[in-house]
Every structure is written in structure tokens, then in C-alpha cells.
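Below is one structure, written out as C-alpha cells; comments come after it.
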Amino acid sequence: MSSSAEEPNPLEGRGERQPTPPPGQPVLRIRGVNHYFGTGDTRTQVLFDNTLEVMPGELVIMSGPSGSGKTTILTLIGGLRTLQEGEIEVWDADLGDYRNLKGVPEPELVHVRRLIGFIFQRHNLFDSLTAVQNIRMAQRLKDTGATDLDADARDVLTYLLLGEKDLEGRAQKSRFDYKPAKLSGGQRQRVAIARALINRPKLVLADEPTAALDANSGLAVVTLVQELARQRSEEHLSKLVRPPAEAGENGRLGAWQIPLLKKIATEHGTTSLIVTHDARIMNLADRIVHMERGRIESNVVVAERLFVREGLRQSSAFAAVLPEEQEKIADSVLIGVHPNDPVRPDQIAAKPDCVEVYESGLVIVRQGDAVNADSKFYLIRRGTVEVLREVDGATQKLAELSAGRYFGEVALLMDQPRNATIRALTRVEVYTVNRTTFDKFRSVSRPFIERVLANFRAGDGTPRT
Ligand SMILES: Nc1ncnc2c1ncn2[C@@H]1O[C@H](COP(=O)(O)OP(=O)(O)OP(=O)(O)O)[C@@H](O)[C@H]1O
């Protein structure tokens, strides 16, 4: 991930670019993590068999009721607690490899902590130092090669509305030289956030980072975290900026913050795990992980969920069922991988009923094959297929279908043999909905489907397979 060609990158020439994990591999891998508090009779298990992968640059939101284990898992990832059971691996860009947190002695855990920007409620600012000095202190921990550290510290504080400008860009008294005792709770929190982000950590762990913040500065924090991960479009940012006419509205950025935001976020690739109940932040998430009673109950890549929902909705069979039911089916096939990324064999093995891969030239569905208990409905995840139909001994090519298109519904709906052959033109990945699920929803949506089938039999001109 790099800045656009037009923009000069002030971090250029700061030495070696930190390497990222190999393509398709996560920056954070958690496998089978259990955790217990207490000893003897009072020993209680609070985490149960948690497995999660986080990809580079993702903004992950962790949600779940109080006591479900979110903070415990975050502190284990950050090396703030000893890992008792399971595996946690964090990519160390300086090392160019993963650091395994299992059985790691304390001095080595310190290395892990240095990789991470922590934003926790207990922010531990130095009481005797001013806001700027607190940040300058953090800058000493890591040599980022920056030329003007003081200006960088002030820029981040200014963006977080602690500098000489208010949200509308009007002059205000800056808090640069205030000590923590003279700052409000929300201002202290923002100084702590600036301190956590000043060295542009590749991994940010945050526990309720916006709880003490007003809506405007809460959004400013999350937008900064997002921009550190990767540049968003002008359109995305402009939606977050308050129009002058709505000066009274809460939860927006000032237009003047945008250029500064971009300047601060010139180096990309930060991955963030944020525990929050703040709905506005959830809307910005790339991945939403929900915990219940010590277990990760769901792990959803937002773009994948949208992709599958959108794909299923095009099919008359699924369009006929209630939106909540459509969402349930869509969620049942998700594999937790962004649709732009190819699936790895281990990810397919983990969800064998949800996704299949066909190499170029392979037949996925063959014309004339009877529909049975193993027959499926297919949504193309990646790649292109061709739709072929044999009529009177001659093969006609009816269509080419690519990502986001579906096939295989008609035979399932009509209980008839497949009416066309589908062959992979490239390597193809497909989501599959099995017959049982399909039939369950078919019965719910029967009246509608009868109408669809009537149209189909009459021939409405659309080639369906
Ligand atoms: N130091 C500790 N000693 C004993 N039990 C603990 C300790 N810390 C947490 N727990 C228990 O572990 C469980 C998980 O707590 P954790 O703080 O991880 O949950 P959480 O989801 O972060 O909750 P919240 O949203 O309230 O912060 C809870 O039952 C909690 O009481």
C-alpha cells in the first residue's frame, strides 16, 4: 500500500520499508486460545478455543456483552498477559517474520509490545509532562527517521482538536503545553491516542477508545486509524466532513482536518483491533468479530457479507425470501475472506460446504445431470465461467459469467436435470448453497417461486441455468 503518485511522501527515504506478511497471510493469527483466571478451586475458564486471523490493514471491531472476554483476548495479543493455551502469532515487520507469543519470556514480550500502539482506558500519561512532552517521550522509543518530531507531535494533536484550531478552523487556545491534571478526561484520552499512534505502529489495539470522547473527536480518532491502514477515497472522506450549514451537528470532521489527516497518514498498513460498542465506528469496520461467553461467535468480513448478500439477492429464489432470511443464508456461507482475496486451501478445508475451487477448463455443472441431495446453487466469488447448452448435437455458448453472478438455481427449483453445462474459463472460486438450505427457503418462498417458474416456462428471454 503506498501513497498516490502526486503526493510527496515525507516518510520516503527513511530507510528500509518494513516487509509485510507473504500475500494472503494474516498479520495476526490466533489459534485455539483458552484462558483461565484464578488457581485451584477458583480457577475459571474465561476464553474457549478462540481462532481468528486478521489481514494487513484491516480495521477489526470486537463487540460483545460485558464479560465476554474481549479485553482478555486483546491483552493476550498485546503480550500484556501470559498466553496459557493455544497460539498467537503477530507479524513483526522489523524481523520480517511472525513472533510466536507462546512460552515467550518477559524480555521478548517487550519486543512484541513495541510493535503495538495501545489505546486503553487507563492511559498512564506522565503527570509531570505536558501534552507535547508526553508524545515526544513516546517518539524516543522508536526511531522512525522523522526529521521534525516536534512538528509531527503537534500535527497529530492539532488533528485531534487539541491544537490552535477548533472544528470550524477558528483559532482556539491550544492544549500543547498543558499537563494532564489541567486537561479534561476526553482531552487526556486524545493525548494518549496521539501518543499511541505517533510512531505509526503496524498494529493498534484499542479498548473503548472513544468512550470518553465527544462525537466529533471520536470520529476523528477512528478516521485517523482508518487512514493509517489505507487511503480512503475523497468521496468517503467528504461524507465525514461537516457542511458549513450544519455547524451545530455533532460527529463530523472539519474540512481543514482532511489535508492534515492525509499528511499524518502517509505511511500505510496499520491493522487495528478496536473493542467498542460505538455504532458509528462499527459502520467503518472491515471485519466485525462478536464474542459471547468467552467464544468468538461470529467473524464477518463486511465486504464479503455485502458481496454474498448482493449476489444472492439477484437470484429469484432468494429474492423471494424475507431480507432477514436472505441474510441468514448469506451469513451461513461466509468464509471470513475478502472477496478480492483468493481463498487458501486451509480456508477451504475449514468451510468445505461453503466454497469450492475449480481450475480452468473444469466442468462445474454438466447439462443433463440429475439433481440430487448433493446438488448445489453457486455464486461466483472469483473468476469466469462459460454457460454452454447442447441443442441437437451442437454446442451453443449462451453466456460468460464472472464474480457476483450465480448459476444452478433452475434445476434445483424445478427438480429437473441441469439445463446447461458450466465450465471454468479461468481458475474459479464459487460459494455454494447446498440443497438442504435451498429447499428450506424454497418452501418458504413457494408462492413467489411459482410465479417465477411460470415466467421461466413462458420464457422471459433471460438465459437461466
Ligand atoms: N484479573 C482477573 N481476574 C479474574 N477474573 C477476571 C480478570 N479479568 C477479567 N476477568 C473475568 O474474565 C471474564 C472476561 O472479562 P473481560 O474483561 O475480558 O471481558 P470484556 O468482554 O472485555 O468485558 P467489558 O466489556 O466489561 O470490558 C469476565 O468474567 C471477568 O470477570
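Using UniProt numbering, the first residue of the sequence shown is number 1, and each one after it goes up by one.
Even glycine gets a Cβ: it sits at the ideal position worked out from N, Cα and C.
Item: Cβ of R175 within 9 Å of Cβ of L167?; Value: no
Item: What are the boundary residues of the beta strand (DSSP E) that L59 is part of?; Value: 59 to 63
Item: Please report the straight-line C-alpha distance between residue 480 and H111, rounded to a whole angstrom.; Value: The question about residue 480 has no answer, for the chain in this structure spans 1 to 465.
Item: If you measure from each residue's Cβ to the nearest non-hydrogen atom of ligand 1, which ones come out under 5 Å, in chain order?; Value: F37, V46, S66, G67, S68, G69, K70, T71, T72
Item: Rounded to a whole number of angstroms, what is the C-alpha to C-alpha distance between Q189 and Y378?; Value: 49 Å
Item: Compute the Euclidean distance between the alpha carbons of P65 and D278, then round it to the nearest angstrom.; Value: 13 Å
Item: Check whether the Cβ atoms of I135 and V191 sit closer than 9 Å, and answer yes or no.; Value: yes
Item: When you compare only the Cα positions, how much space is there between V156 and H268?; Value: 16 Å
Item: Using only alpha-carbon positions, find the residue among L413, K263, A303 that is nearest to A317.; Value: L413
Item: Taking Cβ to Cβ, would you say H290 is nearer than 9 Å to S128?; Value: no
Item: By the 10 Å Cβ neighbour count, where 16 or more other Cβ atoms means buried, how is G383 classified, buried or exposed?; Value: buried
Item: So, helix, strand or coil for L362, using DSSP?; Value: coil
Item: Could you check the C-alpha separation between E400 and I30 for me, to the nearest Å?; Value: 40 Å
Item: Counting only runs of 3+ residues fully inside the stretch 376 to 402, write out the beta strand (DSSP E) ranges in chain order.; Value: 376 to 382, 384 to 391, 394 to 402
Item: Does D353 pass the burial test, meaning 16 or more other C-beta atoms within 10 Å, or should it be called exposed?; Value: exposed
Item: Put F176 into one of helix, strand or coil per three-state DSSP.; Value: coil
Item: According to DSSP, is E208 helix, strand or coil?; Value: coil
Item: Output yes or no for whether 9 Å exceeds the beta carbon distance between E292 and G336.; Value: no
Item: On the three-state DSSP scale, how would you describe S316?; Value: helix
Item: Could you pull out every residue in the same chain whose Cβ sits closer than 7 Å to the Cβ of A5, ignoring the five residues on either side in sequence?; Value: A caution first: A5 carries a pLDDT of 41, below 50, which makes its placement in the model unreliable, though a value can still be read off. Around A5: no qualifying Cβ.
Item: Let me make sure I understand the geometry here. Which of T72, I380, L334, R418 has the alpha-carbon closest to that of L425?; Value: I380
Item: Report yes if the C-beta distance between V333 and V365 is below 9 Å; otherwise report no.; Value: no
Item: Nearest by alpha-carbon distance to N34: which of L261, R122, L52, D92 is it?; Value: L52
Item: Would Q231 pass as a contact of K262 if the rule is Cβ separation under 9 Å?; Value: yes
Item: Going by other Cβ atoms of all chains shown within 10 Å of its Cβ, with 16 needed for buried, is S272 buried or exposed?; Value: buried
Item: Flag N199 as yes when its Cβ comes closer than 8 Å to any non-hydrogen atom of ligand 3, and as no otherwise.; Value: In the structure on display, ligand 3 does not appear, and the ligands it does have are ligand 1.
Item: What are the boundary residues of the alpha helix (DSSP H) that T266 is part of?; Value: Here T266 belongs to no alpha helix (DSSP H), and DSSP marks it neither H nor E.
Item: Under 9 Å between the Cβ atoms of S217 and G169?; Value: no
Item: By a C-beta neighbour count over all protein chains shown, 10 Å radius and 16 as the cutoff for buried, is S68 buried or exposed?; Value: buried
Item: What do you get for R17, buried or exposed, if any count of 16 or more other CB atoms within 10 angstroms of its CB means buried?; Value: Only weak support exists for where R17 lies, its pLDDT of 46 falling under 50; the coordinates are left without a value.
Item: At the level of alpha carbons, what is the spacing between P259 and L80?; Value: 35 Å
Item: So, for M1: in the same chain, excluding its five sequence neighbours on each side, which residues have a beta-carbon less than 7 Å away from its beta-carbon?; Value: Since pLDDT at M1 reaches only 37, below the 50 mark, its modelled position is unreliable, and the value read off the structure follows with that caveat. Correct list, in chain order: G57, R230, H268, G269.
Item: Note down the Cα distance separating D369 from E325, rounded to an integer number of angstroms.; Value: 29 Å
Item: Report the residue ranges of all alpha helix (DSSP H) runs contained in full by the stretch 216 to 248; include only those spanning at least 4 residues, in chain order.; Value: 234 to 240
Item: For the alpha helix (DSSP H) holding E283, just list the boundary residues, first then last.; Value: The question names Glu, but residue 283 is Asn in the sequence shown. It is not in any alpha helix (DSSP H) - N283 carries neither H nor E in the DSSP assignment.
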